[in-house]
Amino acid sequence: MGDIVLPRRMFLWCMAVIYLAAFVSLYVQIPGLYGNEGLLPARWQLRYSGKPLGEQLLSSPTLLWLGPWFGLDTHTAMELLCLIGAALSLAATLVEALRDSLVFFCLWALYLSLYQVGQVFLYFQWDNLLLETGFLCILVAPLTIIRGSRGVREHDRVTFWLIRWLLFRLMFASGVVKLTSRCPTWWGLTALTYHYETQCIPTPVAWFAHQLPVWWQKLSVVGTLVIEIAVPLLFFSPLRRLRLGAFYLQVLLQVLIILSGNYNFFNLLTLALCLSLLDDRHVHFWLRKVDKTNNNDSRLWSWLCYLLELAVWSLVIFGTIICFDLQLDKTKNGISSRTAFTYHNFNQFLKTVTIPCIWIGVLSLSWEIVTAMFRCACVCGFMKRLGGTVQWTVFAAATAAMFTVSLVPFTYIEYESNGRLWPGVRRTYELVNRYQLVNSYGLFRRMTGVGGRPEVVIEGSNDGVTWTEIEFMYKPGNLSASPPVVTPHQPRLDWQMWFAALGAHTQAPWLTSLIYRLLQGKRDVIELIQTDISQYPFHQKPPAYLRAHRYRYWFTEPKADGSYPQNWWRRVYDEEFYPTVHLGNTVLESMLNQYGLKNNSPPRRMSNTSVARAVRWVRSQVKGVPAHTLIWTLIACSATFCLLQGLRKRNKGTPLTHNAAVTVNDHTENESDGSTDNLEKSDEQQAVKGEEEAEEEEGEDSEDEVEEGEGEKDTVSDDEEGKEQHEKEDEEEERKEKDDILQKRKFR
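For reference, each letter of the sequence shown is one residue, going 6 to 753 in our numbering.
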């Protein structure tokens, strides 16, 4: 594999942007979700028992324990942590020197602190993925602040390999669980005929994708399973073009998901992980730059690589045709498909490949570690070699440890393989599990809403007779409302409303808290439903009664003449979901007490420190601004700033060229008038100026090389020394000739 300097820099920039989106998205929702009068107040998760701070941090690793030390309540402390995280990630986005191990450690610690008290609203797989990826960034990022250099480190490819391993675990497990769950829609290849309308928050593109013919939907399921199960095995291929092919297939899948569904920063984070499959050579191809690496491969070797790559892709295509019985269907002008293997066959396949996948990872990592060791040994200078070797030892050990611990959640997909792991590895995993360093993944395990998308609709009334539906900003409700586009923001209440509709209301205790807060008319909770309070039907007076019904939603279909319908959705009534309640209702009070949602403690006094006042001032400035608008404004401004900064560096004034210097020298030598002193002085000035220009050119070249991460060793070969000696002799002869000319002129 070639150099990975540019992909590593791109990955760290993308991670700074994703952290920015995650912190800002959560910050906007903190008052309604975790405030003192929110749905699930965060202070309930921090029970101050009088234990030492160290013990409290071990039991629940969150910086919110430090809130009382600064005179802050838990709600204000959460907002402060979010603001610090957003500011740090924004600074890292704008300034490359801040994409540093220490900065990424702070970002990881801040998000982990919020995750610890996030409860059900933060327990999503993408939050776990962000924490695991964020921790790996600590190993991947350079220590710029301490070292003051962005140059290449010999162990960079070792730590960056962990990103590729995480991408493999994520995609492979997501494909496997679709079949191990025995979901009939995945086995019948009909999952996408339901997915577009039953996903949590679809986009307008989802409506059009839902109208595609069934044969195309089934073929899309086949492509999804191949991209998630078969293609990830190519991530560790020694052949570069196979990895690039796997990269583009993963990007295609993620882009299609982004277009058809609002999955916050999850798909953007997956795209960032895909950068681990690239190298500098391919990034230069994107930028239309000349590749400086020398390709000394023989023509025979190149043809052998082409033939092997062709054989691999042919095997993938042939295996897909056989496993899914792909055939041309002339009657439907499409391609028919079906699953041509059984659950037992797939289970045997899984038992066969799980352990070999681990050994492929071991061999790939060992190769990176050994090659990094040789690079360290080839560094000139004893101290540099010693420092590089120490760094290689530390980071290689950390990478090997992370890889070993990650085998526990990875082998959850096949329990026999998990049982064969060394018990010490499982004990280590249990010790670090609270820090979310490694996690298990498996997205879209089962397809929900096969009989129609279940949707909870809350209704309010002031007299118990006339009822008004409470419409959410993002989730489906109004039949004529267009599906929104909110990526990378995640409206966490809307997501949980989707999960709540899948079961009884007793399985979602937080829903009772939502009903209670709406009856009280709590503004922070109302802003989770409608950022613009005037759009909330009971913004002037809270409803006296609330209830909820469950409906079944479907996408509408085009009319017979091909025109589009007026509504995006159609629905039918299903059943009562939540009984009619009001403040003081015995049913409501009993459920509040049963779920521990009734807080009988006196209201807490609001913090009035300077920090608390500053946090409240920031809140007042962003209040009423939609979260996705705020996030995209910050991202667009940051990207524009970085783009202008890159253009400014590229268009920076160049030093005096060699031709211009020659012209100046010729002009000086052709002067026939003037004294000998002036001529000698002019020659000396030109010599000094030439040396300064040469030094400036060398300095700027070295700075460019450092910025591109190519690094430069301070070594001089014997040939270069000889060349310099010849140049000095030539300069001495030229000086003697000039002295002779001056002496002749003086004699005349």
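The C-beta atom is built at its ideal place from N, Cα and C for all residues, glycine as well.
Residue interval of the beta strand (DSSP E) (run including residue i)
i: Thr585; result: 574-586
i: Asp334; result: 332-334
Per DSSP, the bridge partner or partners of residue i
i: Tyr558; result: Arg458, Arg576
i: Glu474; result: Glu464
i: Gly482; result: Looking at the DSSP assignment, Gly482 forms no beta bridge with any residue, so it has no partner.
i: Gly266; result: Pro207
Helix, strand or coil at residue i [DSSP, three-state]
i: Cys19; result: helix
i: Leu274; result: helix
i: Ala345; result: coil
i: Tyr446; result: coil
i: Ala73; result: A quick correction: the sequence has Pro, not Ala, at residue 73. The answer is helix: DSSP assigns Pro73 an H, G or I state.
i: Glu233; result: helix
i: Ala553; result: strand
i: Ile327; result: helix
i: Ile35; result: helix
i: Thr357; result: helix
i: Gly366; result: helix
i: Gly339; result: strand
i: Gly508; result: coil
i: Gly429; result: helix
i: Gly139; result: helix
i: Gly589; result: coil
i: Asp537; result: coil
i: Leu148; result: coil
i: Phe28; result: helix
i: Thr67; result: coil
i: Glu159; result: coil
i: Cys310; result: helix
i: Lys718; result: With a pLDDT of 40 at Lys718, under the threshold of 50, the predicted position of this residue should be treated as unreliable, though the coordinate-derived value follows. Three-state result, Lys718: coil.
i: His544; result: coil
i: Pro12; result: helix
Expected contact under 8 Å - CB spacing of residue i and residue j to nearest Å
i: Trp503; j: Lys480; result: 6 Å
i: Leu523; j: Leu551; result: 6 Å
i: Leu11; j: Val288; result: 4 Å
i: Ser485; j: Gln571; result: 6 Å
i: Arg158; j: Gln396; result: 6 Å
i: Arg557; j: Gly482; result: Actually they do not touch by this definition, with Cβ atoms about 13 Å apart.
CB contact flag (residue i, residue j, <9 Å)
i: Gln216; j: Glu562; result: yes
i: Tyr600; j: Leu117; result: no
i: Phe109; j: Gly139; result: yes
i: Thr473; j: Phe582; result: no
i: Val462; j: Ala553; result: yes
i: Ser64; j: Ile636; result: no
i: Tyr32; j: Glu84; result: yes
i: Ile531; j: Gly37; result: yes
i: Thr67; j: Val22; result: no
i: Ile206; j: Val620; result: no
i: Thr81; j: Val616; result: yes
i: Ser518; j: Leu51; result: no
i: Trp131; j: Gln495; result: yes
i: Gln222; j: Gly266; result: no
i: Leu224; j: Ser106; result: no
i: Glu137; j: Leu115; result: no
i: Val181; j: Ile360; result: no
i: Ala178; j: Phe415; result: yes
Unbroken alpha helix (DSSP H) run spanning residue i, endpoints
i: Ser615; result: 615-627
i: Leu45; result: Here Leu45 belongs to no alpha helix (DSSP H), and DSSP marks it neither H nor E.
i: His215; result: 209-215
i: Trp503; result: 497-505
i: Phe408; result: 387-415
i: Gly424; result: 420-424
i: Asp8; result: It is not in any alpha helix (DSSP H) - Asp8 carries neither H nor E in the DSSP assignment.
i: Asp285; result: 285-291
i: Ser612; result: Segment: none, Ser612 is in no alpha helix (DSSP H) and carries neither H nor E.
i: Thr517; result: 514-525
i: Met83; result: 79-99
i: His633; result: 632-655
i: Ala114; result: 106-121
Check: residue i C-beta below 8 Å from any heavy atom of the ligand MN
i: Lys480; result: Looking for the ligand MN in the displayed structure turns up nothing, as the structure carries no ligands at all.
Proximity test, Cβ basis, 9 Å: residue i and chain C
i: Leu519; result: No chain C appears in the structure shown, which is made up of a single protein chain.
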